[in-house]
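Working notes, structure below.
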Amino acid sequence: MLSSSIGYYSLILGLISSLFLVYLSLKSFRDHHFLNTKILSFTFLQFMFVMTSFISLIVSFVLSDFSNETVFNNSHTTKPIFYKIAGVWGNHEGSLLLWLLVLTLFTLIFLLKTKGQPLKYRILTILFQQIIIIGFFIFIIKTSSPFNYIFPIPKEGLGLNPILQDPILAIHPPILYLGYVGSSIIFSSALAATVLGLITKKWASHIKKWVLASWIFLTLGILLGSVWAYYELGWGGFWFWDPVENVSLMPWLVLTTLLHCILVLQKRLILTSWVIILSISTFTLSMSGTFLVRSGILNSVHTFANDPERGIYILIFLFSLIFLSIIIFFFFHKKNESENESFFWLSKESAILINNWFMMYFLSVVLIGTVYPIFLDVITSEKISVGPPFYHKLIIPFLVPFLIFMAIGPKLKWIKSNIENKINLILALIFSILVSFLIVRNFNVNFLINLTIISGALYLFFITIRDFFIKKNKNNSQKIAHFGFSLLILSIMFNNIFSSEIITNLKVGEILETSNTKITFNDINQKNEKNYKSIIGSFIIETKNEKVEKFKPELRIYNQPIIITSEADIKTTLLTDKFMTINVVQNQDYFNVRYQVKPFMIWIWLSVILISLGGIISFFKKEYEK
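Quick note: to get this note's numbering, add 185 to the position in the sequence shown (first position is 1).
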């Protein structure tokens with residue numbers, strides 16, 4: 186009870202400090218001879234107030250203080266201490282408090298790390314940040330307080346959804362939020378720089394650091410979420426175009442596009458409009474994801490809330506930020522004379538621009554696929570779902586030119602270029618096509634589509650490897666990221682071509698034989714844990730090459746809340762994952778058994794790590810020490 190009171194009043198004090206910061210920022214902006222030292226002090230106080238509030242919520246969860254409504258709805262005395270702490274941000278109220286904590290932290294870091302930047306720019310960026318922060322303070326205090334008191338005090342809580350009680354999911358939201366909230370600094374600084382006419386090469390070098398940080402965290406956050414969905418939800422795959430997966434992918438696509446535009450802006454004072462629009466769009470899409478996840482209009486296991494009032498508040502807040510951004514862009518942004526210069530058709534910036542258009546097309550497809558069912562439901566009350574076939578048909582054909590430009594672009598020069606080593610590039614393309622042909626010719630797949638995509642990915646793969654040996658210690662971050670992306674596409678394609686699946690109903694003692702596989706359902710066992718009971722199936726898998734493996738997938742029945750989950754048994758090797766789940770067939774003695782062979786799964790995860798590593802290396806390059 187005490188910790189909840191401390192947490193609530195700390196939020197109030199944090200809001201008051203934000204109002205003081207707005208006043209001090211406006212005052213310092215008018216009298217711009219120096220940065221009011223009180224701004225830094227209040228920014229630090231603001232962060233400490235939110236930190237105190239967050240720690241108070243953690244204490245409430247650890248102590249199982251069920252006088253706190255958030256703790257009551259999302260915890261239980263039998264829940265392990267690790268998941269009690271993770272449960273702090275595994276709900277709507279706690280996740281927003283984490284959002285706010287990261288917002289205030291990044292604002293403080295921005296102030297501390299930008300002492301060399303123009304004074305008015307720093308102040309105006311802080312002012313825009315405070316507008317966002319105040320919006321979140323009001324949202325939390327008014328509609329989503331994590332410190333609501335309930336009486337009489339229950340003896341037990343309702344517990345956390347068991348599928349959320351997972352080590353990876355415990356760290357997935359904080360890392361994802363670092364990516365989301367990092368984009369707020371990009372948003373605020375872009376508006377500030379636009380107002381002051383500071384969209385320059387120097388500003389590009391400065392903001393690139395924040396773009397990279399946000400991009401790295403968002404990439405790793407998406408990876409962790411995908412891995413969790415793979416083994417915890419029993420999906421048996423890496424991506425299913427789930428609406429909540431999509432709302433994290435969209436800002437990532439924009440961030441990736443923005444990062445490449447920043448590279449161009451560092452070299453030439455062009456694409457300034459692109460940079461501003463993308464900076465605004467990144468945070469806008471992050472906020473849109475917040476709205477969709479918390480409005481109740483998305484049907485997904487990932488969604489936090491089902492409260493239209495909360496969704497409407499975020500929507501109004503979002504539209505207000507968009508309106509502010511549009512006003513600033515149209516009234517303050519003035520194109521530089523060099524903006525009117527045409528690109529030479531064969532140059533690095535032309536290749537980047539073309540691929541940016543591809544990225545915007547991919548974004549449009551994902552956006553339409555995610556929001557169209559929502560609009561259709563509102564207008565006609567017709568409920569539809571947009572599945573993988575929609576995305577695959579619209580995205581896959583454009584992957585090939587996208588990959589080719591990724592391979593050729595780094596080999597071009599700025600402003601004007603000739604293709605270097607034309608023969609080598611042509612030979613690499615021919616070799617890629619031949620290898621792809623040998624891979625897909627003997628499989629019952631869509632020959633042309635698979636051939637072209639694998640050829641494009643192999644082309645990028647070979648070109649990047651060649652550059653590692655020829656151009657040593659030059660643009661290693663770029664080469665690692667591009668290599669990781671080529672490996673990702675190849676792994677996905679091989680996974681799709683070589684995967685196999687058996688779905689059947691079996692009861693204990695039964696055997697299923699196919700042309701390549703023999704599945705024997707030996708036995709079931711039960712196990713009692715502190716917060717759940719487990720039914721463990723015992724299976725023996727024999728393959729054509731006489732290899733024998735044992736699998737023990739589980740069904741867990743949690744006691745609070747009462748829910749049944751399916752826990753996959755996964756055998757992972759360097760080349761293949763073997764994936765088995767079981768589910769109860771109602772009113773029968775049978776179990777639904779799903780056995781999948783998923784090649785190259787580990788390479789999908791490793792490729793995303795490589796992509797992230799490219800960004801990390803770029804982040805720590807010496808240029809940022811200047």
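Virtual Cβ for every residue (Gly too), placed ideally from N, Cα, C.
What is the DSSP secondary structure of isoleucine 201, counted as helix, strand or coil? In the sequence shown, the residue the question calls residue 201 occupies position 16. If DSSP states are grouped into helix, strand and coil, isoleucine 201 belongs with the helices.
Are glutamate 254 and isoleucine 335 touching if we call contact CB-CB under 7 Å? The count along the sequence shown starts at 1 and reaches residue 254 at position 69. The count along the sequence shown starts at 1 and reaches residue 335 at position 150. A contact, by the Cβ cut-off of 7 Å.
Give every residue of the same chain whose Cβ lies closer than 6 Å to the Cβ of isoleucine 318, excluding the five residues on either side of it in the sequence, and list them in chain order. As a position in the sequence shown, residue 318 is number 133, starting the count at 1. Only Ser203, Leu288 meet the Cβ criterion.
Anticipated Cβ contact below 8 Å, aspartate 351 with tryptophan 413, distance rounded: Counting from one through the sequence shown, the residue named residue 351 turns up at place 166. Counting from one through the sequence shown, the residue named residue 413 turns up at place 228. Contact flag correct, Cβ pair sits at about 6 Å.
Taking only runs that begin and end inside the stretch 599 to 685, name each unbroken alpha helix (DSSP H) of 4 or more residues, in chain order. 607 to 625, 632 to 655, 661 to 683
Alpha carbons only, please: which of Phe560, Ile512, Asp762 is nearest the one belonging to phenylalanine 679? To locate residue 679, count along the sequence shown from 1; it is residue 494. Nearest of Phe560, Ile512, Asp762 to phenylalanine 679, Cα basis: Asp762.
Rounded C-alpha distance that separates valine 770 from isoleucine 720: By 1-based counting over the sequence shown, the position of residue 770 is 585. By 1-based counting over the sequence shown, the position of residue 720 is 535. Rounded to whole angstroms, valine 770 and isoleucine 720 show a C-alpha spacing of 14 Å.
How long is the line joining the alpha carbons of methionine 765 and tryptophan 788, rounded to whole angstroms? Residue numbering aside, residue 765 sits at position 580 when the sequence shown is read from its first letter. Residue numbering aside, residue 788 sits at position 603 when the sequence shown is read from its first letter. When rounded, the distance between both Cα atoms is 20 Å.
Is DSSP giving leucine 740 helix, strand or coil here? The residue labelled residue 740 in the question sits at position 555 within the sequence shown. Of the three classes helix, strand and coil, the one that applies to leucine 740 here is strand, per DSSP.
Cα separation between glutamate 417 and serine 751? Taking the sequence shown and counting its residues from 1, the one referred to as residue 417 is at position 232. Taking the sequence shown and counting its residues from 1, the one referred to as residue 751 is at position 566. Glutamate 417 and serine 751: Cα-Cα distance of roughly 8 Å.
Does the beta carbon of tyrosine 644 sit closer than 7 Å to a beta carbon anywhere in chain C? Looking for chain C here will not work: only one protein chain is present.
As assigned by DSSP and simplified to three states, the class of glutamate 810: Looking up residue 810 in the sequence shown gives position 625. A caution first: glutamate 810 carries a pLDDT of 37, below 50, which makes its placement in the model too unreliable to give a value.
Under 7 Å between C-beta atoms of serine 252 and isoleucine 338: To locate residue 252, count along the sequence shown from 1; it is residue 67. To locate residue 338, count along the sequence shown from 1; it is residue 153. Yes, the pair counts as a contact, with Cβ atoms nearer than the cut-off.
So, using beta-carbon positions, are serine 373 and phenylalanine 324 closer together than 7 Å? Here residue 373 is taken as the residue at index 188 of the sequence shown, counted from 1. Here residue 324 is taken as the residue at index 139 of the sequence shown, counted from 1. 7 Å or more divides the Cβ of serine 373 from the Cβ of phenylalanine 324.
Can you give the Cα-Cα distance for serine 280 and phenylalanine 332, rounded to whole angstroms? One-based indexing of the sequence shown puts residue 280 at position 95. One-based indexing of the sequence shown puts residue 332 at position 147. Approximately 13 Å, taken between the alpha carbons.
What's the C-alpha gap between leucine 795 and isoleucine 455? Counting from one through the sequence shown, the residue named residue 795 turns up at place 610. Counting from one through the sequence shown, the residue named residue 455 turns up at place 270. Taking the straight line from one Cα to the other gives about 30 Å.
DSSP on glutamate 695, reduced to helix/strand/coil? Along the sequence shown, read from residue 1 onward, the residue named residue 695 stands at position 510. It is coil, neither helix nor strand.
When you compare the CB positions of threonine 292 and isoleucine 371, do they come within less than 7 Å of one another, or not? What you label residue 292 is simply residue 107 of the sequence shown in a count that begins at 1. What you label residue 371 is simply residue 186 of the sequence shown in a count that begins at 1. Taking 7 Å as the Cβ cut-off, threonine 292 and isoleucine 371 do not qualify as a contacting pair.
Leucine 791 to lysine 387 span [Cα, whole Å]: Residue numbering aside, residue 791 sits at position 606 when the sequence shown is read from its first letter. Residue numbering aside, residue 387 sits at position 202 when the sequence shown is read from its first letter. Pairing leucine 791 with lysine 387, the inter-Cα distance amounts to about 34 Å.
Can you have a look at methionine 544 and say buried or exposed, based on whether 16 or more other CB atoms are within 10 angstroms of its CB? On the sequence shown, residue 544 is found 359 positions in, with the first residue counted as 1. Classification of methionine 544: buried, given that the 10 Å Cβ count is 16 or more.
Within 7 Å, strictly: CB atoms of threonine 263 and lysine 718: If you number the sequence shown from 1, residue 263 lands on position 78. If you number the sequence shown from 1, residue 718 lands on position 533. No, the Cβ-Cβ distance between threonine 263 and lysine 718 is not below 7 Å.
Can you tell me where the alpha helix (DSSP H) with glutamate 870 in it begins and where it stops? No answer is possible for residue 870: it lies beyond the span of the chain, which begins at 186 and ends at 811.
With respect to the alpha helix (DSSP H) encompassing threonine 289, which residues constitute its N-terminal and C-terminal limits? The count along the sequence shown starts at 1 and reaches residue 289 at position 104. That run of the alpha helix (DSSP H) goes 277 to 298.
Going by DSSP in three states, methionine 472 sits in which element: helix, strand or coil? Taking the first residue of the sequence shown as position 1, residue 472 is located at position 287. In the structure shown, methionine 472 sits in a helix (DSSP, three-state: H, G or I).
Using CA atoms only, rank isn't needed, just tell me which of Phe504, Phe234, Lys300 is closest to serine 195. Start at 1 with the first residue of the sequence shown, and residue 195 comes out as number 10. When each option's Cα is compared against that of serine 195, the closest is Phe234.
Based on DSSP bridge pairs, tell me the residues matched to glutamate 734. Within the sequence shown, the letter at position 549 stands for residue 734. Ile726, per the DSSP bridge assignment.
For isoleucine 451, which residues does DSSP report across the bridge? Translated into the one-based positions of the sequence shown, residue 451 becomes position 266. Residue identity differs from the one stated: residue 451 is glutamine in this sequence, not isoleucine. Answer is none; glutamine 451 lacks a bridge partner.
Give the single residue among Asp427, Phe785, Leu200 whose Cα lies nearest to the Cα of serine 685. For the purposes of this step, residue 685 is taken as the residue at position 500 of the sequence shown. Out of Asp427, Phe785, Leu200, Phe785 has the C-alpha closest to the C-alpha of serine 685.
Tryptophan 356 by DSSP, collapsed to three states: which one? Position 171 of the sequence shown, counted from the first residue, corresponds to residue 356. Note that residue 356 corresponds to isoleucine in the displayed sequence, not to tryptophan. Helix at isoleucine 356.
Quick check: what's the CA-CA separation for isoleucine 191 versus serine 245? On the sequence shown, position 6 is the one that residue 191 refers to. On the sequence shown, position 60 is the one that residue 245 refers to. Answer to the nearest angstrom: the Cα atoms are 11 Å apart.
With a cut-off of 8 Å on the beta carbons, I'd call valine 625 and asparagine 609 a contact; round off their distance for me. Mapped onto the sequence shown, residue 625 falls at position 440. Mapped onto the sequence shown, residue 609 falls at position 424. Contact check for valine 625 and asparagine 609: beta-carbon distance about 25 Å, past the 8 Å limit, so the pair fails to qualify.
Should isoleucine 401 and isoleucine 726 be called a contact, given that it needs their Cβ atoms to be closer than 7 Å? For the purposes of this step, residue 401 is taken as the residue at position 216 of the sequence shown. For the purposes of this step, residue 726 is taken as the residue at position 541 of the sequence shown. Result no, Cβ atoms of isoleucine 401 and isoleucine 726 do not sit closer than 7 Å.
Residue burial classification, tryptophan 542 (beta-carbon count within 10 angstroms, cutoff 16): Mapped onto the sequence shown, residue 542 falls at position 357. Exposed, by the Cβ-count rule.
Where glutamine 812 sits in the DSSP three-state scheme: The first residue shown for the chain is 186 and the last is 811, placing residue 812 beyond what the model contains.
So, using beta-carbon positions, are serine 803 and serine 662 closer together than 7 Å? Along the sequence shown, read from residue 1 onward, the residue named residue 803 stands at position 618. Along the sequence shown, read from residue 1 onward, the residue named residue 662 stands at position 477. Against a cut-off of 7 Å, the Cβ pair of serine 662 and serine 803 comes out as a contact.
Closest to asparagine 744 by C-alpha separation, out of Gly342, Asp216, Trp424, Lys452, would be which residue? As a position in the sequence shown, residue 744 is number 559, starting the count at 1. Selected option, being the one with the closest Cα: Gly342.
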